[in-house]
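Peer 1: Sharing a structure with you now.
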Amino acid sequence: MNQTSNAPRRAVRSGGFRRQQIGSGATAFLLGSVAAACAGLLAPAASEAQEAGAYAVVGATIHTVAEGVIENGTIVMRDGRIIAVGQDVEVPPGAEVVNGEGKHVYPGMIDAFSSLGLTEIGAVPATNDQSELGNWNPHLNAHTAIHPASEHIPVARANGITHTLSAPGGGGTGIAGQATLIHLDGWSVEEMEITESAAMVVSWPSLGGRGRGRFGGGGGGGNFREAQRRFDEQVGEMEDWFEAALHYRDALASGSTRVTRDLQLESLARVLDGGMKLIVRANGHREITSAVEFAEKWELDIAIAGATGAREIADMLAEKNIPVILGPVQRTPSGRDAAYDDPNTLPGVLRGAGVDIAFATFNSSDSRTLPYEAANSVSWGLPRDAAMEAVTLGAARILGVQDRLGSLEVGKVGNVIVTDGDPLEITTRIEHVFIRGMPSDMDNKHDRLWEKYRNRPDSRPVVTTTT
Amino acid sequence: MKRLVLGAIGAVLVGGAAGAAAPAQAQETPVLITGATILTAAEPFKIENGAVLFEDGRIRAAGPADEVDAPANATVIDGQGMFVTPGIVDAHSHIASDATNEGSVSVSSMVSIKDVIDPTDISIYREAAGGTTTSHVMHGSANPIGGQNAVIKHRWGSDAAGMLMDAPPTIKFALGENPKRSNSNTIPGVPQRYPATRMGVMDVIRQAFTDAAEYRARWEAYEELVARGDRSAIPPRRDLRLDPLVGVLNGEILVHAHSYRADEILQLMRVAEEFGFRIHVFQHVLEGYRVADEMREHGASASTFSDWWAYKVEAYEAIPHNAAIMTRRGILVSINSDSSEEGRHLNQEAAKTMKWGGLTEEEALATVTINPAVQLGIDDRVGSLEAGKDADVVLWENYPLSSFAKVRTTWVDGEVVFDVDADMAMRAERETEKQRLREMLGEAEADEAESDETGAARLRGGRGPGNRSEERAGI
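Protein chains in written order, with the working numbering: chain A, 1 to 467; chain B, 1001 to 1475.
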């Protein structure tokens, strides 16, 4: 990317986006953002993480998600955390202020399962670090491959996505590895990390089809009984792994000195001990039920990801308190006889039954469309507030970080977006993003190219070589 | 025997999901939608408290509610709080076809999608449930010169011939990674094939039109002899591959060229100019924003995606502002689906052009209505709510250019092809039918019949091919 002219880049660097006094109102701040966008600064905003000062958004409609909506409210962040939210809030001296008049403030959104940082160009294997060979990789961890300079990250961030579970997988049935919960702003993965091993990702065996079509599922064709036999075999293999991890853990606990360290079993043992959530990718209700039974037997803390066929087991999932990461909602209905709106109604049905839900894009370049996945359930039964909660606090709850993320409450991490409307609405503009209480750079590859090419001169200059 | 029975169940279930099982027929009762906000995609664009009247499959009037009088026998729909738009026109689709690519040759101009229309594809109904009423069903992008395309109306329930719309003929071209097979040469059993570079792609096209021009000259010479009364003149051998290319040279068949990078867009225009024809529409055209002026000067229009990017190298510089930049540079732009999923909410994809690049509401709606209609040469019949046009009408429960939008009813040629209440009513019937069949077969076999292929694909790999995007699958 060598397409941005150097002049504005120098100007902004010397001007110093971060030092700009924004107390004079939103316009000045906005100009700063635009200048930064022109500048093509690739650097994430965490540059001055150690200097995290005080920031306030004043006079905005504040959607706390946890405790209702505050009209004409003020939110103050300092040293990375939210220190005040309310109507009668004093802005500390020296704080940089965003004029929130006519604006809305929400928690940053969480893409509860993505490949952000793990893949850059879908068709180019060299840029893909999401799917390792082999089916049993509990010892692999996404954080060892997350690329903090991925162009996808600023693109997602500019649309209000502040956090994601960056997850391995995409291969076949088995244990894909450990997913890392990150925020989307940092010079290194260590700065981005919230939880290094946030979840163990498993792709549950599929009963699939009977191998008729291109996507035979289950594999190998044959009839349903054959598919069932293969399914049971694969679940049995999963069982063997957990069994081995159990013995390994017990052997270590017994103090035996003859145990050779095994990285795979060591990782899996953490799941057994409740040290890591198990996220099971499963879609059909039989597959989900099988995974739930498995989790009960092994006393595992699980969430289901995908769950396109969870409708008929909604009550069971609610009763057993199994959360579900849904998405994409913008998919074709599963099965030719499925209702046209099957994907749209599912989130409302699950939520209505009492299931905890979050949304995910299961993607990287599409991560910015997360809010629309949630929105596309709203006209089909999911209350608007519940949709917003699902992409913020709901996701935080499922990922076990609800004490720190997902809502605008005093003491929580300063993950805040300032918008001109409902972030679930396509036409809403995300004007500011704060991550860990610091303003994030809104610049991204797409804005840079937009700025450059919409300003392309109308006619090519005439080059003369003679004087 | 069991397999046959299961096949029959599949067919019944598909029919059940369909809703309207009867073939489309002439509209019998006039329909008046009144009190709604009408977004005409014509002048005036927005009519608050407006009305649309249609009869015999044609729009009779669209205007302020108090100016549109309905015949006494009209079905009156109270549209208060709702919105009406023209049916959405999708300029790039692969639904409703039994085949997409004749990929064994690099020039496949002799084949046509019209020969393989599948009127039972459930996507026809599902997209109608998202407001889509017309689709340009295209040949795939396997070849520099692909096959001829078809334009269908979503007349769910009719046969293949009944789906086809009488529209100007179009042909598919393709540039870049797909005809080069950059991303598919590791598929076992798929041999490498010329071309493998963008040079080769241009060569294949240039050679084909060199042949076509000579072929046309031979026919012209022959016809001249005949006109002069030479009864011994021998006609040239008919070439079904070159006939459509002569149609392109004569401006009778419109070229829709799959393209990504700015340089290949430019090169194709120059090759076309060399032979005296014009690229009518650049499809995908994700880097059109870089050569918008050149495209405008050539006279090309553009049909692109809203916000897809990075699924392959040639899509890595794609930006969601593409449609806006090209529009501002004077190019007619449409947003297409290329996907049976996206084809269900093109209204939302159009809305993204307002967010990214700041198109107006009017310009945004045009990208999925009148603009694609112009690109397909059918704007005299569809694409806007104007008296005399086909009654392809969508009633929305709420504002259509929104992520909260929901369709209430869709009409094609004045006939209901989707209605949310009718669909709900059909579900109970379908369940009963399903239950009856289950009992006939016993549960085990019924389970088998229910099993789902695409669900398995998604479980394994997130969005599977044929779900979000045919293009992403490299078609």
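Even glycine gets a Cβ: it sits at the ideal position worked out from N, Cα and C.
These numbers come from a predicted model, not from an experiment.
Looking at alanine 1042 of chain B: is its Cβ nearer than 9 Å to the Cβ of serine 1384 of chain B?
Peer 2: Result yes, Cβ atoms of alanine 1042 of chain B and serine 1384 of chain B sit closer than 9 Å.
Peer 1: Identify each residue in the region 314-335 of chain A for which the Cβ-Cβ distance to at least one residue of chain B is less than 8 Å, and report them in chain order.
Peer 2: Listed by position, the residues of the region 314-335 of chain A near chain B (Cβ gap below 8 Å) are Pro328, Gln330, Arg331, Thr332, Pro333, Ser334, Gly335.
Peer 1: What residue from A:Gly186, A:Glu299, A:Arg281 has the CA that sits closest to alanine 269 of chain A's CA?
Peer 2: Closest by alpha carbon: A:Glu299.
Peer 1: Determine the DSSP secondary structure at alanine 338 of chain A, reduced to helix, strand or coil.
Peer 2: Three-state DSSP puts alanine 338 of chain A in coil, outside helix and strand.
Peer 1: Within the 9 Å Cβ cut-off, does arginine 1344 of chain B reach chain A?
Peer 2: Yes, arginine 1344 of chain B counts as interfacial toward chain A.
Peer 1: Taking aspartate 366 of chain A as the reference, which of A:Gly94, A:Gly80, A:Val69, A:Ile161 has the closest Cα?
Peer 2: Cα-wise, what sits closest to aspartate 366 of chain A is A:Ile161.
Peer 1: Round the Cβ separation of valine 1089 of chain B and threonine 1410 of chain B to the nearest angstrom and send it over; I've been treating them as touching at under 8 Å.
Peer 2: No, valine 1089 of chain B and threonine 1410 of chain B are not in contact; Cβ-Cβ is about 13 Å, not under 8 Å.
Peer 1: Take the Cβ of threonine 1046 of chain B as the centre, count every other Cβ of all protein chains shown within 10 Å, and call the residue buried at 16 or more, exposed below.
Peer 2: Correcting the residue identity first, residue 1046 of chain B is lysine in this sequence and not threonine. Result: exposed.
Peer 1: According to the neighbour-count rule (16 or more other Cβ atoms, all chains shown, within 10 Å of its Cβ), is valine 410 of chain A buried or exposed?
Peer 2: The residue is exposed, with fewer than 16 neighbouring Cβ atoms inside 10 Å.
Peer 1: Three-state secondary structure (DSSP) at methionine 200 of chain A?
Peer 2: Strand at methionine 200 of chain A.
Peer 1: Starting from asparagine 1347 of chain B, trace the alpha helix (DSSP H) in both directions and tell me its first and last residue.
Peer 2: From DSSP, the alpha helix (DSSP H) with asparagine 1347 of chain B extends over 1346-1355.
Peer 1: With a CB to CB cut of under 7 Å and the five nearest residues on each side skipped, what residues in its chain are close to aspartate 458 of chain A?
Peer 2: None.
Peer 1: Is tryptophan 1396 of chain B helix, strand or coil by DSSP?
Peer 2: Tryptophan 1396 of chain B: strand per DSSP, three-state reduction.
Peer 1: Taking only the alpha-carbon atoms, compute the straight-line gap between arginine 456 of chain A and phenylalanine 1083 of chain B and give it to the nearest angstrom.
Peer 2: About 38 Å.
Peer 1: Establish whether the CB of leucine 346 of chain A and some CB of chain B are separated by less than 9 Å.
Peer 2: No, leucine 346 of chain A does not count as interfacial toward chain B.
Peer 1: Buried or exposed for serine 1232 of chain B, please, with buried defined as at least 16 other CB atoms from any protein chain shown within 10 angstroms of its CB.
Peer 2: Under this definition serine 1232 of chain B is an exposed residue.
Peer 1: Closer than 7 Å by C-beta to threonine 361 of chain A: which residues in its own chain qualify, once you throw out the five before and the five after it? Chain order, please.
Peer 2: Taken in chain order, the residues that qualify are Asp111, Ser114, Gly327, Pro328, Ser367, Thr369, Leu370, Glu373.
Peer 1: Please say whether tryptophan 1156 of chain B and isoleucine 1124 of chain B have beta carbons closer to each other than 9 Å?
Peer 2: Contact: yes.
Peer 1: Bridge partners for histidine 63 of chain A per DSSP, in chain order?
Peer 2: For histidine 63 of chain A, which the question treats as bridged, DSSP gives the partners A:Val69.
Peer 1: At which residue ranges does the region 270-298 of chain A contain complete alpha helix (DSSP H) runs of 4 or more residues, listed in the order of the chain?
Peer 2: DSSP runs (the alpha helix (DSSP H)) wholly in the region 270-298 of chain A: 285-298.
Peer 1: Are any of the Cβ atoms in chain B nearer than 9 Å to that of glutamate 120 of chain A?
Peer 2: Closer than 9 Å to some Cβ of chain B, the Cβ of glutamate 120 of chain A qualifies, so yes.
Peer 1: Find the nearest neighbour of arginine 249 of chain A within the set A:Ala167, A:Ser267, A:Arg436, A:Ile70, judged by alpha-carbon distance.
Peer 2: Ranking the options by Cα distance to arginine 249 of chain A, first place goes to A:Ser267.
Peer 1: Mind listing the chain A neighbours of histidine 1258 of chain B? Cutoff is C-beta to C-beta under 9 Å, in chain order.
Peer 2: Near histidine 1258 of chain B there are no residues of chain A at all, since even the closest Cβ is about 15 Å away, more than 9 Å.
Peer 1: Under the three-state reduction of DSSP, which class applies to threonine 361 of chain A: helix, strand or coil?
Peer 2: Of the three classes helix, strand and coil, the one that applies to threonine 361 of chain A here is coil, per DSSP.
Peer 1: So, are the CB atoms of aspartate 337 of chain A and arginine 1438 of chain B less than 9 Å apart?
Peer 2: No, they are not a contact pair.
Peer 1: Taking the runs of the alpha helix (DSSP H) that are 4 residues or longer, which of them lie wholly in the region 100-168 of chain A?
Peer 2: Here the runs fully enclosed are 152-158.
Peer 1: With three or more beta-carbon pairs closer than 8 Å as the criterion, would you say the region 1326-1336 of chain B touches the region 1287-1304 of chain B?
Peer 2: In short, these stretches touch, since the Cβ pair count reaches three.
Peer 1: Using the Cβ count rule (16 or more neighbours within 10 Å means buried), how would you classify glutamate 1223 of chain B?
Peer 2: Exposed, by the Cβ-count rule.
Peer 1: Would you mind stating whether methionine 276 of chain A and methionine 192 of chain A have Cβ atoms separated by less than 9 Å?
Peer 2: No.
Peer 1: Hey, does leucine 449 of chain A have any beta-carbon neighbour from chain B nearer than 9 Å?
Peer 2: At least one chain B Cβ lies under 9 Å of leucine 449 of chain A.
Peer 1: Please confirm if aspartate 111 of chain A has its CB atom under 9 Å from at least one CB of chain B.
Peer 2: No, no contact with chain B.
Peer 1: Taking Cβ-Cβ distances shorter than 9 Å, what residues in chain A pair up with serine 1340 of chain B?
Peer 2: Within 9 Å Cβ-Cβ: Thr332.
Peer 1: Strictly below 7 Å CB to CB, what residues from chain A border methionine 1326 of chain B?
Peer 2: Correct list: empty, because the minimum Cβ distance to chain A is about 10 Å.
Peer 1: Run through DSSP, which three-state label would tyrosine 55 of chain A get?
Peer 2: Tyrosine 55 of chain A falls in the strand class under three-state DSSP.
Peer 1: Could you work out which residue in B:Arg1261, B:Thr1085, B:Gly1079 is closest to asparagine 1049 of chain B when comparing CA atoms only?
Peer 2: For asparagine 1049 of chain B, the nearest C-alpha among the options comes from B:Gly1079.
Peer 1: Measure the C-alpha to C-alpha separation of methionine 1424 of chain B and glutamate 233 of chain A and round it to an integer number of angstroms.
Peer 2: Taking the straight line joining both Cα atoms gives about 40 Å.
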